[in-house]
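Colleague:
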DNA sequence: AAGAATTTTTACGACATTTTTACCCACCAA
DNA sequence: TTGGTGGGTAAAAATGTCGTAAAAATTCTT
């Protein structure tokens, strides 16, 4: 897949600031999606799976810290908090809830951009995992850096969901993952009641990756529990 | 493994601030090492290999941004910058050079601590796997984290109830558990009147785990009372 | 706005697990 | 002996879970 623009979700109730962020970020080659309220924002974050979340703490419908905690329940995406109030305790609460950075209004847009770059740098560079960037078992090879999957050297095309599912499984290779855990990581928190998707995509992955899909060597079913990627 | 204190190197030329940081951080259980100049700081960082670097930009001997770049040449350790100047361009330069955060003096110490926690959180992402609970008795191995059971290295497939039953037994290994206790933990409070299930599943477990199911080494019957998992 | 790729919905046969039912043994007391 | 108790194993029946194909709806590209 071609190098696509980073996706940012902005949760901000104040229309002028929202407009400002949207246009400014767009001109710097970010794909921006917006939400006015905390609830909307959570949905948007779950659906868009952004590379970064920008969150205003002063929302009308729910506490910003609750939004952060809720997102952290299923994702480690970078969160940058904006706030009009410079109360120190509030900063601490937001950061401890899982926010990665905190800017007090008014802030310079250049600084925001720099802090966005920092956040994206963090997310894209789990530097310790450099050696695990390419996952190989027998004939199966998953190149996480380039997002290329191959079997016996033949490149296999995977759809976004198929690929994400495979990534989740090999990230926890050897471990049995429950349906809910997988659904949460792949589809987001709102899809936790649909183990059916899982069976369908698991089947598709087996067709593409296993030499005998009816008797999988890697993508194992743990009936009544979930799935696991077998290693060793 | 003893939980060791995070190591922090502070590069700061102003003695009062340095003293303040040293004592304050020390009381929050950090191991603090100090340097007065950029050159000293680079050496200190290289020798101590800290979990975090705190850097004042206004050093006498070299530009703070150069210090950052130099560290980034060989390490991805978190760097938090402190600065008296709130010039935006300087912030941007420092962040783009590789700093992870930037605080303008005067700052609240609580906020600094919170931002330190954020930075350490980033650095130790893969530390979720700290809780490895693996029970091993002779050839039997129960990996609770991965939900995998093996005998002599051969994986054994257990159904949900079989697995739950085994977990209950090894959780209270050595103790005698009554039928009722086990039924309650495995099937839930409403099934307490069916010791028969227990015999069936206990038999299945023995078939799968014991080398001689008719004379079990681990899954022992306490006649008239219940069962127990024998250890030692 | 049309066409391709992908995701979601729908449907149904196959499979695995749990529960029920049945029969076995060993032991002890009447 | 006979009958009762506590326990073990092996099968059926019932239930719940999985896998696959294909159609419908959506999203992405052009």
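Residue numbers (this note's numbering), protein chains in the order written: chain A, 1 to 232; chain B, 233 to 464. A virtual CB, placed ideally from N, CA and C, is assigned to each residue, including glycine.
(1) Could you have a look at residue 266 of chain B and say whether DSSP puts it in helix, strand or coil?
(2) Is any non-hydrogen atom of the ligand ZN found closer than 6 Å to the C-beta of residue 55 of chain A, if you look at the structure I gave you?
(3) Would you mind stating whether residue 410 of chain B and residue 458 of chain B have Cβ atoms separated by less than 7 Å?
(4) If we call anything under 7 Å between Cβ atoms a contact, is residue 249 of chain B one with residue 284 of chain B?
(5) Confirm, please, whether the CB-CB distance from residue 277 of chain B to residue 303 of chain B is below 7 Å.
(6) What's the C-alpha gap between residue 26 of chain A and residue 56 of chain A?
(7) Note down, in chain order, all residues in the segment 166-178 of chain A with a beta-carbon under 7 Å from any beta-carbon belonging to chain B.
(8) Is the distance from the Cβ of residue 394 of chain B to the Cβ of residue 436 of chain B below 7 Å?
(9) Between the segment 312-332 of chain B and chain A, which residues of the former have CB atoms less than 8 Å from a CB of the latter, in chain order?
(10) Counting C-beta neighbours from all protein chains within 10 Å, is the total for residue 244 of chain B 16 or more, i.e. buried, or is it exposed?
(11) Are any of the Cβ atoms in chain B nearer than 7 Å to that of residue 111 of chain A?
(12) Determine which residues of the segment 142-164 of chain A have a Cβ less than 8 Å from any Cβ of chain B, and write them out in chain order.
(13) Verify whether the separation of the beta carbon atoms of residue 151 of chain A and residue 140 of chain A is less than 7 Å.
(14) What in chain B is Cβ-close to residue 108 of chain A, meaning under 7 Å?
(15) Give the interface partners of residue 122 of chain A over in chain B, defined as CB-CB distance under 9 Å, in chain order.
(16) Which same chain residues, not among the five before or five after residue 126 of chain A, have their C-beta less than 8 Å away from its C-beta?
(17) So, using beta-carbon positions, are residue 96 of chain A and residue 308 of chain B closer together than 7 Å?
(18) Just to confirm my understanding: we take residue 360 of chain B, look at its own chain, exclude 5 residues before and 5 after, and list those with CB closer than 6 Å. What are they?
(19) Closer than 8 Å by beta-carbon distance: list the chain A residues that pair up with residue 371 of chain B, in chain order.
(20) Pop quiz: residue 323 of chain B and residue 294 of chain B are said to be a contact at Cβ under 8 Å. What is the actual Cβ separation, rounded to whole angstroms?
(21) Could you tell me how far apart the beta carbons of residue 78 of chain A and residue 123 of chain A are, in whole angstroms, since I believe they sit closer than 8 Å?
(22) Name the chain B residues that come within less than 8 Å of residue 118 of chain A, Cβ to Cβ?
(23) So, for residue 406 of chain B: in the same chain, excluding its five sequence neighbours on each side, which residues have a beta-carbon less than 8 Å away from its beta-carbon?
(24) Using a Cβ-Cβ distance under 7 Å, would residue 26 of chain A count as near chain B?
(25) Under 7 Å between beta-carbons, which chain A residues line up against residue 347 of chain B? List them in chain order, please.
Modeller: Put simply:
(1) In the three-state DSSP reduction, residue 266 of chain B falls in the strand class (E or B).
(2) Ligands in the displayed structure: none, and consequently the ligand ZN is not present.
(3) Against a cut-off of 7 Å, the Cβ pair of residue 458 of chain B and residue 410 of chain B comes out as a contact.
(4) No, the pair does not count as a contact, with Cβ atoms beyond the cut-off.
(5) Less than 7 Å separates the beta-carbon of residue 303 of chain B from that of residue 277 of chain B.
(6) If you take the alpha carbons of residue 26 of chain A and residue 56 of chain A, they lie about 18 Å apart.
(7) The segment 166-178 of chain A vs chain B, Cβ under 7 Å: 174, 175 and 176.
(8) Taking the C-beta atoms as reference points, residue 436 of chain B is found nearer than 7 Å to residue 394 of chain B.
(9) Residues 320, 321, 323, 324, 327, 328, 331 and 332.
(10) Buried: at least 16 other Cβ atoms inside 10 Å.
(11) At a cut-off of 7 Å between beta carbons, residue 111 of chain A contacts chain B.
(12) The residues in question: there are none.
(13) It is a contact, given that the beta carbons lie within the stated cut-off.
(14) Going along chain B in sequence order, the residues near residue 108 of chain A (Cβ under 7 Å) are 320.
(15) Among the residues of chain B, those whose CB is under 9 Å from the CB of residue 122 of chain A are 332 and 354, following chain order.
(16) Interpretation of residue 126 of chain A is limited by its pLDDT of 47, a score under 50 that renders its predicted location unreliable; no figure is taken from the coordinates.
(17) Cβ atoms of residue 96 of chain A and residue 308 of chain B: not closer than 7 Å.
(18) Low confidence applies here, because residue 360 of chain B scores a pLDDT of 45, under 50, leaving its location unreliable and the question unanswered by this model.
(19) Within 8 Å Cβ-Cβ: nothing; residue 371 of chain B doesn't reach chain A, min ~17 Å.
(20) Residue 323 of chain B to residue 294 of chain B, Cβ: 19 Å. No contact.
(21) About 5 Å separates the CB atoms of residue 78 of chain A and residue 123 of chain A; that is less than 8 Å, so the two are in contact.
(22) Those are 327, 331, 332 and 333, listed as they occur along chain B.
(23) Closer than 8 Å at Cβ, skipping near neighbours: 460, 461, 462, 463 and 464.
(24) Taking Cβ atoms only, chain B never reaches closer than 7 Å to residue 26 of chain A, which makes this a no.
(25) Residues of chain A passing the Cβ test: 95.
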